[in-house]
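**Q** Residue numbering for the sequence shown is 1 to 223, as defined by the numbering used here.
Just so it is clear, CB atoms sit at the ideal spot from N, CA and C, and this is done for glycine as well.
If you're wondering where the values come from, they're calculated on a predicted model, not measured in any experiment.
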Amino acid sequence: MVERSELLGEVVKTDVLVVGGGLAGNNGAIGALQKGVRVLIADKSSIDRCGAIAGGVDHFMAYLGTDTWDTREAYLEWVGKIARGTVNLSVQNAVFCRELNAAIDRMERIGCTLKQPDGTYYRTTSMGQPGPYFINFNGKQLKPLLAREARRLGVQTLEKCAISGLLTHDGRVTGAVGFNIRTGTFYTITAKAVLLATGNTNRIFENPTGLPFNTWQCPANTG
């Protein structure tokens, strides 16, 4: 199958394919690379400025253990309420909570600090939070800084490539297919593992305006 696909376009081989080069995709790619495998990010844009925070972000949600509301347990309880049952809390605990400190450390390391000039955190509350989970900071350059770190570590990229389907064999995902949105070049990507980082859950509930794209999510989110 893969050999025949060469007649359609290009064949790319990697160990881990990350579909989506946003914040989750970049962090996932870095984590996989640190395990000593080859990693490729495929994104329909550029990993420097793509995803929900392509233009930057001004807040980071975190619990810091300063009070009873500022704990993992209190945070997960709040997430369960605001998500209206659409979030698997065991996944939220394993992915967000377990990796929270590492994510904060990584942001500091790449030069995008969450702290104010005096070394403190400026925290605010919103969305019915039991306390100020939002850390306000200057995150205008977070995306290009993270992309630069991914490239520095050796993550490969396939940009302007829209992934249109997954390849499977005997019930296992073995890669993906996609095409360059500018040139039309067809790609067959083979991989030992595929990480889908195609965007947050979006437009599940109708908003008061009735306009489907009137949302705080990135309008280019096709995940």
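What is the rounded straight-line gap between the Cα of G65 and the Cα of K192?
**A** For the purposes of this step, residue 65 is taken as residue 65 along the sequence shown, with counting starting at 1. For the purposes of this step, residue 192 is taken as residue 192 along the sequence shown, with counting starting at 1. So the two alpha carbons sit approximately 39 Å from each other.
**Q** Can you name the residues that DSSP bridges to G224?
**A** Because the chain in this structure spans residues 1 to 223, residue 224 falls outside the shown range and cannot be described.
**Q** Taking the alpha-carbon positions, what's the Q92 to N180 distance?
**A** Mapped onto the sequence shown, residue 92 falls at position 92. Mapped onto the sequence shown, residue 180 falls at position 180. C-alpha separation (whole angstroms): 33 Å.
**Q** Is the region 131-139 in contact with the region 153-167, if contact means three or more CB pairs nearer than 8 Å?
**A** No: fewer than three Cβ pairs fall under 8 Å.
**Q** Provide the residue(s) that pair with A42 in DSSP beta bridges, ordered along the chain.
**A** In the sequence shown, the residue the question calls residue 42 occupies position 42. Answer by DSSP bridge pairing, in chain order: V19 and L158.
**Q** Comparing alpha-carbon positions, which option in A197, D48, T168 and I204 lies nearest T190?
**A** Position 190 of the sequence shown, counting from 1, holds the residue named residue 190. When only C-alpha atoms are compared, the closest one is T168.
**Q** Mind checking whether the beta-carbon of G9 lies closer than 7 Å to any heavy atom of the ligand MN?
**A** What this structure holds is no ligand at all, so the ligand MN is not there to describe.
**Q** For R123, count neighbouring Cβ atoms within 10 angstroms of its own Cβ and tell me buried if that reaches 16, exposed if not.
**A** Reading the sequence shown from its first residue, position 123 is the one you call residue 123. Buried, because 16 or more other Cβ atoms sit within 10 Å of the Cβ of R123.
**Q** Return the bridge partner residues of V79 from the DSSP annotation.
**A** What you label residue 79 is simply residue 79 of the sequence shown in a count that begins at 1. For V79, which the question treats as bridged, DSSP gives no partner whatsoever.
**Q** By DSSP, does F134 sit in helix, in strand, or in coil?
**A** Within the sequence shown, the letter at position 134 stands for residue 134. It is a strand residue.
**Q** What first and last residue would you give for the beta strand (DSSP E) that runs through L145?
**A** Taking the sequence shown and counting its residues from 1, the one referred to as residue 145 is at position 145. Run containing L145: none in the beta strand (DSSP E); it sits in the alpha helix (DSSP H), L142 to L153.
**Q** Which residues in the same chain have their Cβ closer than 6 Å to the Cβ of F213, if we skip the five residues on either side of it in sequence?
**A** Taking the sequence shown and counting its residues from 1, the one referred to as residue 213 is at position 213. Closer than 6 Å at Cβ, skipping near neighbours: P219.
**Q** From Q129, L145, A54 and E77, pick the residue whose C-alpha is nearest to that of G199; which is it?
**A** Position 199 of the sequence shown, counted from the start, is the residue given in the question as residue 199. Checking every option, the nearest Cα to that of G199 belongs to A54.
**Q** Measuring CA to CA, which of I204, G31, T185 and L146 is closest to R49?
**A** One-based indexing of the sequence shown puts residue 49 at position 49. The shortest Cα separation from R49 among I204, G31, T185 and L146 belongs to L146.
**Q** Grouping DSSP H, G and I as helix and E and B as strand, with all else coil, what is M127?
**A** What you label residue 127 is simply residue 127 of the sequence shown in a count that begins at 1. Looking at M127 - three-state DSSP - the assignment turns out to be coil, as it is neither helix nor strand.
**Q** Does V11 come out as helix, strand or coil in the three-state DSSP assignment?
**A** As a working note, residue 11 is residue 11 in the sequence shown. DSSP places V11 in strand when its eight states are reduced to three.
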